[in-house]
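Student: After the C-alpha cells below, expect a handful of questions from me.
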Ligand code: SF4
Ligand code: FES
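In my numbering, the protein residues as written are 3 to 388.
Next up, the structure:
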C-alpha cells in the first residue's frame, strides 16, 4: 500500500488484490509527434494526431491529480516531449505539485537554453535515448540525419548543468555488436545510469521483429559484456539490463504486474495500464477528460481486467511464481497466442513457448533481414535496413 495516497475518496469499494492505493509512476505521453522514426517505437501503430492532444491546462490537471493520488514520479515522454511548446508549463506545475520529473527525450529538438530553463523550473532528471554510437548506423535506425552529434551535445549540456543523466540504449541485431562502445559512450557522457534495453516486441517492434531479432549467441555475449561492465563501473554507473524475452525461460513481471505500479496517459488522455494495452481487445480505456485519475486507477475496467492473479488460467494459476512475474506480459500473450489471459509465451511452461523460441531463432538466423517498417505519422517510403 502506498501510505501517502488518499484513502477516503474512493473507499466505498474494497481495493482489489495486488492494487496499491497509488501507482509509483505515471508515463505522460505528451505527444506522439517525433522527428525520429525508430522501427522499435513503443507508440501504437495508430498515432494520436496533434489536434487531438490534451491542452496545456489538461496536462497540468493530470499532474495535480497525479500528485494528489500519491504518484511519486512523472516520466514526460512521447513521441518526443520537447516538440510540445508548453513543456515548461507542464513541468512547472508537476514540480510545484511535488512530483519527481524525468524528461525522456531523443534530444534532437532540444536547445541548451531550453534545457537550462527546464532545470531552473525544477526538472529533476534527463533520460536520453540513443540508437547507436556509429553515426551511419544511428542514422539508419532512426531515419534522422546527424542525430548522434546532437545527442553528444545534449549530453554535454546535461553535464554542464549538473543534472542527473540516464542513457537509454535499445539493443537489437543492428547495434548489439557495438554494445561495449555504447557503454563507453554513456560513461563519456557522465551518465549515472544506463538502460541496456533489449527490444520488447510490441507495436512497431513487432512489425520489425525479423529485422531486429539478435541471435541467442549475441544475446548471451551481451549479457556477459554487461556483467563485466557492471563490475568495472561499480560506483560510477548503474546498469538496467532488460533481458530479451524470446531467449528467456521465465517472463519478466511486465509493468511490475498489471495495474500494480504504473499508469500511462496517452496524448489524447486515455489512461492505460501499459503502453501497449490498446492491443488487448475487450478493455475499456477511460479518459482523464471524463473521470478522475484516482478513480480510473482504482476502479477502471482496463485496470481491473488483469490485476492480481484471479484472472489467470493454468499453468500460471497454480504456479509458485504467479505473484512474482504475474504471468508475464498480457500484450505479448495477446500478440503471440491470441489471448491476453494466456501465459506469456516467454515462459517455458507455456504451450506456445517452443514456437516463440523457434520464431526468434529462425528470424535471427536469416542472413539478410527484411527492410524496416519505419514509425511514421503518415506512411511513406523509407530507406531499407541493410
Ligand atoms: Fe510465471 Fe505463469 Fe510461467 Fe509460472 S507459469 S513462471 S506464473 S508465466
Ligand atoms: Fe502490456 Fe507487457 S506491454 S503488459
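Beta carbons are placed, not taken as given, at the ideal position from N, Cα and C, and that holds for glycine.
Note that the structure is predicted; figures quoted are calculated from it, not measured.
#1: Quick check on this structure: which residue in 153, 52, 330 and 185 has the alpha carbon closest to the alpha carbon of residue 258?
#2: I'd like to know whether the C-beta atoms of residue 216 and residue 34 end up nearer to each other than 8 Å.
#3: Pick out whichever of 223, 121 and 339 has its Cα sitting closest to the Cα of residue 180.
#4: Under the assumption that residue 218 contacts residue 363 (Cβ atoms under 8 Å), give the Cβ distance between them as a whole number of angstroms.
#5: Just tell me which of 344, 327, 254 and 240 has its CA closest to the CA of residue 282.
#6: What are the boundary residues of the alpha helix (DSSP H) that includes residue 196?
#7: What residues in its chain sit with their C-beta under 8 Å from that of residue 151, if we drop five residues either side in the sequence?
#8: Which partner residues does residue 102 have in the DSSP bridge list?
#9: In whole angstroms, what separates the C-alpha of residue 116 from that of residue 67?
#10: Spell out the partners DSSP gives residue 129 in its beta bridges.
#11: Where does residue 356 fall in DSSP's three states?
#12: Decide if residue 211 is buried, meaning its Cβ has at least 16 other Cβ atoms within 10 Å, or exposed.
#13: Listed in chain order, which residues are found with a beta carbon closer than 6 Å to a heavy atom of the ligand SF4?
#14: By the 10 Å Cβ neighbour count, where 16 or more other Cβ atoms means buried, how is residue 376 classified, buried or exposed?
#15: Measuring alpha carbon to alpha carbon, tell me which residue in 31, 40, 247 and 63 is nearest residue 51.
#16: Hey, out of 189, 63, 322 and 97, whose CA is closest to residue 135's CA?
#17: Rounded to whole angstroms, what's the CA-CA distance from residue 286 to residue 142? Just pull it up for me.
#18: Suppose contacts are defined by Cβ-Cβ distances below 8 Å. Is residue 299 in contact with residue 71 by that definition?
#19: By Cβ distance below 7 Å, which residues in the same chain neighbour residue 220 in space, the five residues on each side in sequence not counted?
#20: What does a CB cutoff of less than 6 Å around residue 170 pick up in its chain, not counting 5 residues either side in sequence?
#21: Assuming the contact rule is C-beta atoms closer than 8 Å, residue 182 and residue 227 should be a hit. Round their C-beta distance to whole Å, please.
#22: Grab me the residues of residue 96's own chain with a C-beta within less than 7 Å of its C-beta, minus the 5 sequence neighbours each way, in chain order.
#23: Span of the beta strand (DSSP E) holding residue 30?
#24: Comparing the CB of residue 205 with every heavy atom of the ligand NAD, is any distance shorter than 7 Å?
#25: Taking the continuous beta strand (DSSP E) assigned at residue 242, which residues delimit it?
#26: Just the Cα atoms here: how many angstroms apart are residue 166 and residue 106?
#27: Are there three or more Cβ pairs, one per stretch, closer than 8 Å when the stretch 77 to 90 is compared with the stretch 313 to 328?
#28: Can you check the stretch 210 to 293 for any alpha helix (DSSP H) of at least 4 residues that lies completely inside it and give the ranges in chain order?
#29: Between residue 265 and the ligand FES, is the CB less than 7 Å from at least one heavy atom?
#30: With a floor of 3 residues, list each beta strand (DSSP E) that falls wholly inside the stretch 304 to 340, ordered by position along the chain.
#31: For residue 187 and residue 371, what's the separation of their Cα atoms in angstroms?
#32: Compare the C-alpha of residue 208 against each of 232, 184, 243 and 43 and name the closest.
#33: Could you tell me whether any non-hydrogen atom of the ligand FES is closer than 7 Å to the CB of residue 211?
#34: How would you call residue 94, buried or exposed, if buried means at least 16 neighbouring beta carbons within 10 angstroms?
#35: For the ligand FES, is there a heavy atom less than 7 Å away from the beta-carbon of residue 332?
#36: Can you have a look at residue 334 and say buried or exposed, based on whether 16 or more other CB atoms are within 10 angstroms of its CB?
Tutor: Here's the rundown:
#1: 330
#2: no
#3: 223
#4: 7 Å
#5: 344
#6: Note, residue 196: premise wrong, no alpha helix (DSSP H); beta strand (DSSP E) at 195 to 200.
#7: In its chain, beyond the 5 residues on either side, 137 have a beta carbon closer than 8 Å to the beta carbon of residue 151.
#8: 75
#9: Roughly 26 Å separates the two Cα atoms.
#10: Residue pairing by DSSP puts residue 129 in a beta bridge opposite 106 and 168.
#11: helix
#12: Burial is judged here by how many other beta carbons sit within 10 angstroms of a residue's own beta carbon; residue 211 has at least 16 and is buried.
#13: Spelled out in chain order, the answer is 252, 253, 317, 318, 321, 323, 324, 327, 329, 330, 345, 346, 349 and 351.
#14: buried
#15: 31
#16: When the alpha-carbon of residue 135 is set against those of 189, 63, 322 and 97, the nearest one is in 189.
#17: Rounded to the nearest whole angstrom, the C-alpha separation of residue 286 and residue 142 is 37 Å.
#18: yes
#19: 178
#20: 129, 131 and 197
#21: 6 Å
#22: 65, 76 and 103
#23: 27 to 31
#24: In the structure shown, the ligand NAD is absent; the only ligands present are the ligand SF4 and the ligand FES.
#25: 240 to 244
#26: 12 Å
#27: no
#28: 211 to 214 and 218 to 234
#29: Residue 265: no, Cβ never under 7 Å from the ligand FES.
#30: none
#31: 27 Å
#32: Checking every option, the nearest Cα to that of residue 208 belongs to 43.
#33: no
#34: Buried is the label assigned to residue 94, since at least 16 other Cβ atoms lie within 10 Å of its Cβ.
#35: yes
#36: buried
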